[in-house]
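Residue numbers (our numbering), protein chains in the order written: chain A, 28 to 142; chain B, 3 to 113. No residue lacks a Cβ here, since even glycine has one placed at the ideal position from N, Cα and C. Data first, discussion second: the structure below is written as structure tokens.
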Amino acid sequence: ETGVTQTPRHLVMGMTNKKSLKCEQHLGHNAMYWYKQSAKKPLELMFVYNFKEQTENNSVPSRFSPECPNSSHLFLHLHTLQPEDSALYLCASSQGVSAYTDTQYFGPGTRLTVL
Amino acid sequence: TQLLEQSPQFLSIQEGENLTVYCNSSSVFSSLQWYRQEPGEGPVLLVTVVTGGEVKKLKRLTFQFGDARKDSSLHITAAQTGDTGLYLCAGGRGSQGNLIFGKGTKLSVKP
Chain A
28 ETGVTQTPRH
38 LVMGMTNKKS
48 LKCEQHLGHN
58 AMYWYKQSAK
68 KPLELMFVYN
78 FKEQTENNSV
88 PSRFSPECPN
98 SSHLFLHLHT
108 LQPEDSALYL
118 CASSQGVSAY
128 TDTQYFGPGT
138 RLTVL
Chain B
3 TQLLEQSPQF
13 LSIQEGENLT
23 VYCNSSSVFS
33 SLQWYRQEPG
43 EGPVLLVTVV
53 TGGEVKKLKR
63 LTFQFGDARK
73 DSSLHITAAQ
83 TGDTGLYLCA
93 GGRGSQGNLI
103 FGKGTKLSVK
113 P
């Protein structure tokens, strides 16, 4: 595998379910990100991890819980979600966190539907 | 409040035509990035511009950053069907990686 991979690619869950999204980067990067992409809304940054430490939580509801066990893996744990949480969840990684020099490489995303 | 406005929202053209899409803001950004996203994929970075007035060319794509670093444009010459996709602009502030994205321009190039 190369680049940034995400699993599952599609997920349908009920509001009372608990599920997790997984992201893995094979680029040797130090920073990882979760983004939410909804229809008719801009791509929204959710969380940033740099060297496994969370450096940004963009006022995300607690029903989304990130976990970064090492620089190569990032999880997003989901519980008691709402239908409005249905979206494409994108993971990205970069060498560092500079907007000038550090290109963010995105995975293909997980299409989440909450019933 | 939408910090980055992209226009047009949708654009459908014939192969061979030229087009320009815009990214505008009332805020100043230290850098501006353009991405292309194809269906079922994540966005892919095309270019980063950091200097007001900067122009960068990538084959048939020309990117310009406004003098005041509040706006940017992407011009495609002789569009091809492979240019079809969602074009996103993203503004960066300072040296941190927190990017602010626009909603995107969905481009369809028909043969």
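Under 8 Å between C-beta atoms of residue i and residue j
i                 : j                 : result
Ser33 of chain B  : Tyr127 of chain A : yes
Val75 of chain A  : Val124 of chain A : yes
Arg71 of chain B  : Phe31 of chain B  : yes
Leu142 of chain A : Lys46 of chain A  : no
Ser120 of chain A : Met59 of chain A  : yes
Gly94 of chain B  : Gln8 of chain B   : no
Phe65 of chain B  : Val46 of chain B  : no
Met217 of chain A : Gln109 of chain A : This structure leaves residue 217 of chain A out entirely; chain A is present only between 28 and 142.
Pro41 of chain B  : Thr107 of chain B : no
Val51 of chain B  : Lys58 of chain B  : yes
Leu48 of chain A  : Gly44 of chain B  : no
Tyr37 of chain B  : Leu90 of chain B  : yes
Gln122 of chain A : Asn57 of chain A  : yes
Enclosing beta strand (DSSP E) for residue i [first to last residue]
i                 : result
Arg38 of chain B  : Ser33 to Gln39
Ser75 of chain B  : Asp73 to Ile78
Leu48 of chain A  : Lys45 to Gln52
Ala119 of chain A : Ala114 to Ser121
Thr107 of chain B : Thr107 to Lys112
Met42 of chain A  : Per DSSP, Met42 of chain A belongs to no beta strand (DSSP E) and is neither H nor E.
Leu63 of chain B  : Leu63 to Phe67
Phe102 of chain A : His100 to His106
Lys58 of chain B  : Val57 to Leu60
Val141 of chain A : Thr137 to Val141
Gln8 of chain B   : Glu7 to Ser9
Phe103 of chain B : Leu101 to Phe103
Tyr62 of chain A  : Ala58 to Gln64
Per-residue DSSP class, three states only, for residue i
i                : result
Glu43 of chain B : coil
Thr32 of chain A : strand
Gly84 of chain B : helix
Pro69 of chain A : coil
Glu83 of chain A : strand
Pro96 of chain A : strand
Glu19 of chain B : coil
Cβ-based neighbour list, residue i, same chain, cut-off 6 Å, excluding 5 preceding and 5 following
i                 : result
Thr29 of chain A  : His53
Leu63 of chain B  : Ile78
Leu115 of chain A : Gln64, Gly136 and Arg138
Glu94 of chain A  : Phe102
Thr82 of chain A  : Val75
Phe133 of chain A : Leu117 and Ala119
Ser75 of chain B  : Thr22, Tyr24 and Gln66
Gly55 of chain A  : none
For residue j and residue i, believed in contact at Cβ under 8 Å, the rounded distance
i                 : j                 : result
Thr137 of chain A : Leu38 of chain A  : 6 Å
Ala2 of chain B   : Leu21 of chain B  : The question about residue 2 of chain B has no answer, for chain B in this structure spans 3 to 113.
Leu6 of chain B   : Gly104 of chain B : 4 Å
Asp73 of chain B  : Ser27 of chain B  : 6 Å
Ser92 of chain A  : Glu51 of chain A  : Their Cβ separation, rounded to whole angstroms, is 18 Å, which puts Ser92 of chain A and Glu51 of chain A out of contact at 8 Å.
Gln39 of chain B  : Leu88 of chain B  : 4 Å
Beta-carbon contacts of residue i that lie in its chain and below 7 Å, excluding the five residues immediately before and after
i                : result
Thr86 of chain B : Leu109, Ser110 and Val111
Glu17 of chain B : Ala81, Gln82, Thr83, Val111, Lys112 and Pro113
Glu19 of chain B : Ala81
Contact set for residue i: own chain, Cβ-Cβ below 8 Å, skip 5 residues either direction
i                : result
Asn97 of chain A : Lys79
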